[in-house]
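Structure first, then comments.
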Amino acid sequence: MKEARTSVIGNNWYRDLSDLVQKNLHIIDDHYDEEFTKTMSSDVMVYLEKYYFRSRFIGFENFPERNNPNRPLIFASNHSGMAFPWDGIMMALGINELVKNDRNAIRPLASPMLSESKIMNPFLFNNLWKIAGSVDASFLNFETMLHQNEKNLLVYPEGVPGIGKGFDKRYRLQRFSTSFLTLSIKYKTDVIPIYTVNGEYINPLAYSWPWLNKLVNKVGIPYLPVGLATPFLLLQPWFFYSAFPAKLTYVLGERIKPYEMTDKQIEELSREELGSIRDAIKAKMQKGLNKAVQEHGKSPYKWSEFINVTFANLHKFPFPYPFGWPFSFSRSQRHYKRKQEGRIKISFWSIPKILLQDPFILFYFLPVLGWIPIFIRGILMRRSGE
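All residue numbers for the sequence shown refer to our numbering, where the first residue is 6 and numbers rise by one.
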């Protein structure tokens, strides 16, 4: 997450953004379409959550109430390395289902690269992240979102380095941004850890190299994982958005109150003092994550369960599985563009109709050459701002 600009004079690193926040309030509703998101979640994304990733939520029975009724809670989670962010998508979807999309639901702050790069939107569904409620993660946007209390917030303190940390560093928290604790201290709102377990197995045994990441950055991809799935990226472009069927598990951690870890106001803290608070919180969350992995990470796929769920839901084929996702997202994107009301109905027999309406889907199944029109469309969408 990008930090606010600072003017460092002794310990005076803090910058008050109050005036800028008022001018930035438009970001709260700029793209967000809650009704469409609910429909897409219940008719499309539920296939991924219930029948593929089989998400489970541990400790969410007593959902955390806000300590400050005028400010949203800040939920903070570890990132899953080297994978498309399905773990974050499934978390937001699952929590919002649990709380029935009321004021306990969450809106994520996500890396700007996800929204800036069209190819990082699932199957080129333009602006999907923002339509579904995400906001670009900058300090100003973060503080602005604390001025609404319709939804809680979800942040990933590790930032992009947390995604690209490689399988050898799985479950090892990377350096935290101080943004979330700065704003927690300022607005006296609690931080609620969520420990994501098995997300590292969405794309197992994958690694990256800085020189390769710099190369793919030029086309809007934050990093290129190299691992078991890499050869399939050329053979089947849809594999770029694919995932192994890891059983995603989310464990609710103990509430953290950063503002009780100091007797100073945020503007009185030095960078060193703020860093000490950050390190203490990171250590606490690392301990909580280790415990969650120990208890829930020993069988990351639960293959017997996956096979049983698959056979029990054969009538939903192929939509729960990665090769069926291009059809689901195409259908929902067409639904959104046409501003249709009601449910996004999909079934096996709707596949021919979806292909007739959007023959571009075929490029996701065209070996090697399919990438050419996909990149061209992504670039054109980026230039036109569609």
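All C-beta atoms in this analysis are idealised placements derived from N, C-alpha and C, irrespective of residue type, glycine included.
Residue i (DSSP reduced to helix, strand or coil)
i	result
residue 61	strand
residue 181	coil
residue 364	helix
residue 157	strand
residue 165	helix
residue 212	strand
residue 112	strand
residue 51	helix
residue 140	strand
residue 357	helix
residue 36	coil
residue 186	helix
residue 68	coil
Minimum C-alpha distance to residue i - residue among the options
i	options	result
residue 200	339, 363, 300 and 42	300
residue 252	229, 35 and 204	204
residue 126	225, 82, 232 and 314	225
residue 85	139, 151 and 167	167
residue 103	75, 120, 373 and 43	43
residue 243	37, 304, 163 and 333	333
residue 202	297, 349 and 53	297
residue 24	184, 79, 375 and 152	152
residue 51	358, 347, 95 and 189	95
residue 101	74, 123, 118 and 138	138
residue 211	229, 222, 221 and 217	229
residue 59	223, 292, 286 and 312	312
residue 347	278, 354 and 41	41
residue 70	148, 290, 197 and 286	197
residue 148	307, 183 and 163	183
Residue span of the alpha helix (DSSP H) that contains residue i, given as start and end
i	result
residue 103	91-103
residue 239	235-240
residue 147	144-150
residue 324	Element bounds for residue 324: n/a, residue is neither H nor E.
residue 312	308-317
residue 25	23-29
residue 345	Note, residue 345: premise wrong, no alpha helix (DSSP H); not H, not E.
Inter-residue spacing [alpha-carbon to alpha-carbon] between residue i and residue j
i	j	result
residue 302	residue 176	10 Å
residue 179	residue 267	24 Å
residue 271	residue 191	6 Å
residue 140	residue 116	8 Å
residue 249	residue 136	26 Å
residue 195	residue 89	28 Å
residue 91	residue 234	16 Å
residue 106	residue 39	9 Å
residue 170	residue 213	8 Å
residue 108	residue 72	14 Å
residue 48	residue 315	18 Å
residue 261	residue 374	50 Å
Extent of the continuous beta strand (DSSP E) to which residue i belongs
i	result
residue 196	196-202
residue 79	79-82
**Study point:** Unbroken stretches of the beta strand (DSSP E), 3 residues or longer, contained in the region 215-296
**Key:** For the region 215-296, whole beta strand (DSSP E) runs of length 3 or above, ordered along the chain, are 254-257.
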